[in-house]
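Okay, so the sequence shown: first residue is 0 according to numbering that gives the first Met the number 0, each after it adds one. The C-beta atom is built at its ideal place from N, Cα and C for all residues, glycine as well.
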Amino acid sequence: MARYKIVGGNRLSGEVTISGAKNAAVAILPATILVRGKCRIENVPDISDVRILLDILKDLGASVSREEGGVVEIDCTNVTSTHPNPELVRKMRASYYLMGSLLSRFGKANVALPGGCNFASRPIDQHIKGFMALGASVEETEDYVNLTEGPMGLHGNRVSLDVVSVGATMNIIMAACLLPGRTIIENAAKEPHIVDLANFLNTMGANISGAGTDTVKIRGVESLRGGTYAIIPDQIEAGTYMAAVAAAGGNVLVRNVIPKHMDCITSKLSEMGVQIFNYDDSIRVISEGRLRCATVKTRPYPGFPTDMQAQICVCMTIASGLSKLTESVYETRFFGYCSELANMGADISISGKTANVNGRKKLHGAMVCARDLRAGAALVIAGLAAEGTTYVGNIGYVERGYERIVEKLTALGADIQRIED
Ligand code: EPZ
C-alpha cells in the first residue's frame, strides 16, 4: 500500500496551477455518450475517477485518445452497449451519470449501483424520480438500476426535486437532452459544475437554459454534434490549496481559478485572518499560520461547500479560540477524519450536525488514514501544519480527486513524499 510521508513545519511559497474540475469532468465525460461525433475536451484532470470513466467509455465502444496537457478526444458515435462494466462502475460515485446519458441516447440503460466515498448514506432516489417523470420504467435490484422506455414512451416533463441534489440535477439534464418536448427541473442544484455541464452540452447543440439557478429548462433536440470544450477550474482543489497555505503559513499564487466560484471560501479564510487578493484568473493567499476562530455552516452553492468541510476544520484546529462547524448536506461527514485529527492533537467535539473545535497551538505528526477523498486531503493539510512527521494511509482516495498533489505541494516547498510500503 502507498502512503504519504509528510514532515510538517515548512511554509508554502510560489505558484500552484489548479486542474480541471473533477465534479465537472465526471459528468461531462459520460455526457459524450449523447454526442454522435468527436468531442475534444480540454483541461481534463488526470485523476483516477477520470481514468476509470475513460475505461468505461472505451468498454462501451467509444474511441478515446488522450493528448498531453489534459486534452481528451472521445467519439461515442459507435457506442452500442447500454451495460457499462459493473466492476468499473462500482469503483466510483459519478458512474451514475451513465444512467441518464444512456437512457437519453438509447432509451435504455442497465447500470450497476455506484461506489465512491461512503461518508454518508448517498441515495439516488431523486435521480430515479427524474427518470420516471421522463417516462422511463425503472427496475432496481440490490446491485443494479435497469431503465427502459415506459409504455407512454420517453418525453420531456416537469421534475420538482425533493432535495437539492447535484447528481440528480445533472443526471436529469443528460436524460432530457435528446427526448422530445421540454423538461423543467425545479429546486435544481446550482453548483459551478452544473453550469459547466450545461455549457458543454449546449456547445454540442443542446438547448438548456437556467443552469446555475434553481430552475433548469431543457428542450430536447434530435441529436448532438461534436465540438471542443474546456472544463472549468476545480473550485474545491483551489480551496484545498488555499486552506493548506492558511494552515501551514506562506505566500502562494493559486493560478487558473474563477474567483467568483471561490467567494464563499475566500470570505471564510479572510475572516480567519488570511490575506487574500483576487486577480482575473488567480488568487494570492498569504498567511502567518496564526488563525482566528470562525463559525462555518456548509450549504449548497453558493454557500460554503460541504466538500471543504474537512479542510476548513483543520484550519480551525489551530485557530485561536472556539470555532463551530455545522454540516447541512451530509450529517455524518465529520466521522471521516475528526478522530484522525484527534490523533494529531486536535480538540474536536461533535454534537449532532455541529463540530465544536477548540483551537490548539500546534498539531503533532501521527499515523493517520484517509477514509474518503476530502478527509484525505484534510489529513495532508494537517501534516503540513503539524510538528513532526505524519504518515497518511489509504491515499487512493486522495488521488481520486487531486491531480499530482505530491508534485504540486513539493513545488510549493512542502516536505511530502509518496512511499510504497
Ligand atoms: C456531488 O455528490 C459531489 N460528487 C460531492 O462531491 C458533493 O459533496 C455533493 O455533490 C454535494 O455538493 C460528484 O459530483 C461526483 P448530492 P452527489 O446529490 O451528487 C441527498 C467530492 O468530494 N440526496 O448533491 O452524490 C444526499 O444524500 C464529492 O468531490 C438524496 O437524498 O450529492 C445529500 O444529503 C463527495 N437523494 C444531498 O442530497 C438523491 O437521489 C446532496 O447530495 C440524491 C441526493
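Checklist entry - Taking just the CA atoms, how far does Tyr-3 sit from Cys-312? => result If I take the Cα positions, the gap works out to 20 Å.
Next on the checklist: Checking 8 Å against the spacing of the C-beta atoms, do Leu-340 and Ile-347 come in under that value?
Outcome noted: Closer than 8 Å, so yes.
Next on the checklist: Please tell me whether Asn-186 and Leu-160 are closer than 8 Å, where the distance is taken between their beta carbons.
Outcome noted: Going by C-beta atoms, Asn-186 is nearer than 8 Å to Leu-160.
Checklist entry - I think Ile-55 touches Asn-84, with their Cβ atoms under 8 Å apart; what is that distance to the nearest whole Å? => result Going by Cβ atoms, the distance from Ile-55 to Asn-84 rounds to 6 Å, so yes, they are a contact pair.
Checklist entry - Cβ atoms of Ser-222 and Leu-153: under 8 Å apart, would you say? => result In this structure, Ser-222 does not lie closer than 8 Å to Leu-153 by Cβ.
Item to check | Proximal residues to Gly-7 (C-beta, below 7 Å), its chain only, five neighbours per side dropped | outcome: So the qualifying residues of the chain are Gly-364, Gly-382, Leu-383, Ala-384, Ala-385, Glu-386, Gly-387 and Thr-389.
Next on the checklist: Taking 7 Å as the cut-off, is the beta-carbon of Thr-305 closer than that to any non-hydrogen atom of the ligand EPZ?
Outcome noted: Relative to the ligand EPZ, the nearest heavy atom lies less than 7 Å away from the CB of Thr-305.
Item to check | Inter-stretch contact (C-beta, 8 Å, three-pair minimum) for the segment 267–279 and the segment 39–54 | outcome: Segments in contact, no.
Checklist entry - Can you give the Cα-Cα distance for Arg-332 and Gly-219, rounded to whole angstroms? => result Cα to Cα, the separation comes out at about 37 Å.
Checklist entry - First and last residue of the alpha helix (DSSP H) that includes Cys-368? => result Following the DSSP letters along the chain, one finds Cys-368 in no alpha helix (DSSP H) but inside the beta strand (DSSP E) bounded by residues 366–368.
Checklist entry - Beta carbon of Pro-29: closer than 7 Å to some heavy atom of the ligand EPZ? => result False, no ligand heavy atom lies under 7 Å from that Cβ.
Checklist entry - Taking one C-beta from the segment 243–260 and one from the segment 202–221 each time, how about it: are there three or more such pairs within less than 8 Å? => result The segment 243–260, when compared against the segment 202–221, does not touch it at the 8 Å Cβ threshold.
Checklist entry - Between Asp-142, Ser-281 and Leu-324, which lies nearest to Phe-303 when the distance is taken from Cα to Cα? => result Taking the Cα of Phe-303 as reference, the smallest distance to any Cα among Asp-142, Ser-281 and Leu-324 is reached at Leu-324.
Checklist entry - By the 10 Å Cβ neighbour count, where 16 or more other Cβ atoms means buried, how is Gln-416 classified, buried or exposed? => result Within a 10 Å sphere around the beta-carbon of Gln-416 sit fewer than 16 other beta-carbons, which makes this residue exposed.
Item to check | Straight-line gap, Ala-293 to Lys-189 (C-alpha atoms, nearest Å) | outcome: It is roughly 25 Å from the alpha-carbon of Ala-293 to the alpha-carbon of Lys-189.
Checklist entry - To which residues of the same chain is Asn-9 closer than 8 Å at the C-beta, ignoring the five residues directly before and after it? => result Around Asn-9, the same chain offers Ala-247, Leu-383, Gly-412, Ala-413 and Asp-414 as residues with beta carbons nearer than 8 Å, after the five sequence neighbours per side are excluded.
Checklist entry - For the candidate residues Ile-235, Ile-17, Tyr-336 and Pro-150, whose alpha-carbon lies nearest to that of Pro-301? => result If we check each option's Cα against that of Pro-301, Ile-235 comes out closest.
Next on the checklist: Which residue wins for smallest C-alpha separation from Ala-410, given the options Gly-375, Asp-306 and Tyr-240?
Outcome noted: Taking only the C-alpha atoms, the option nearest Ala-410 is Tyr-240.
Item to check | Other residues of its chain near Lys-128: CB distance less than 8 Å, five sequence neighbours each side excluded | outcome: Once the five neighbours on either side are set aside, the close Cβ partners of Lys-128 are Val-158, Leu-160, Asp-161 and Ala-167.
Checklist entry - Is it a yes or a no for the segment 371–380 touching the segment 354–361, going by three-plus beta-carbon pairs under 8 Å? => result As far as the Cβ criterion goes, the segment 371–380 does not touch the segment 354–361, which means the pair count is below three.
Next on the checklist: Could you check if Val-379 belongs to the surroundings of the ligand EPZ, using beta carbon to heavy atom distance under 7 Å?
Outcome noted: In this structure, the ligand EPZ has no non-hydrogen atom nearer than 7 Å to the beta-carbon of Val-379.
Next on the checklist: Quick check: the Cα distance between Val-367 and Gly-392, rounded to an integer number of angstroms?
Outcome noted: Using only the alpha carbons, I get a separation of about 6 Å.
Next on the checklist: Between the alpha carbons of Asn-170 and Lys-361, how many angstroms are there, rounded?
Outcome noted: So the two alpha carbons sit approximately 44 Å from each other.
Checklist entry - Which residues in the same chain as Val-163 place their Cβ atom closer than 7 Å to its Cβ, once the five residues preceding and following it in sequence are excluded? => result So the qualifying residues of the chain are Asn-186, Ala-188 and Pro-299.
Checklist entry - Are Thr-305 and Thr-297 touching if we call contact CB-CB under 8 Å? => result The Cβ atoms of Thr-305 and Thr-297 lie closer than 8 Å to each other.
Checklist entry - Candidates Val-49, Pro-191, Phe-105 and Gly-134: which alpha carbon is nearest Asn-156's? => result For the residues Val-49, Pro-191, Phe-105 and Gly-134, the minimum Cα distance to Asn-156 belongs to Gly-134.
Next on the checklist: Between the alpha carbons of Asn-250 and His-260, how many angstroms are there, rounded?
Outcome noted: Going from the Cα of Asn-250 to the Cα of His-260 covers about 21 Å.
Checklist entry - Any heavy atom of the ligand EPZ closer than 7 Å to the CB of Asn-22? => result Yes, the ligand EPZ has a heavy atom inside 7 Å of this Cβ.
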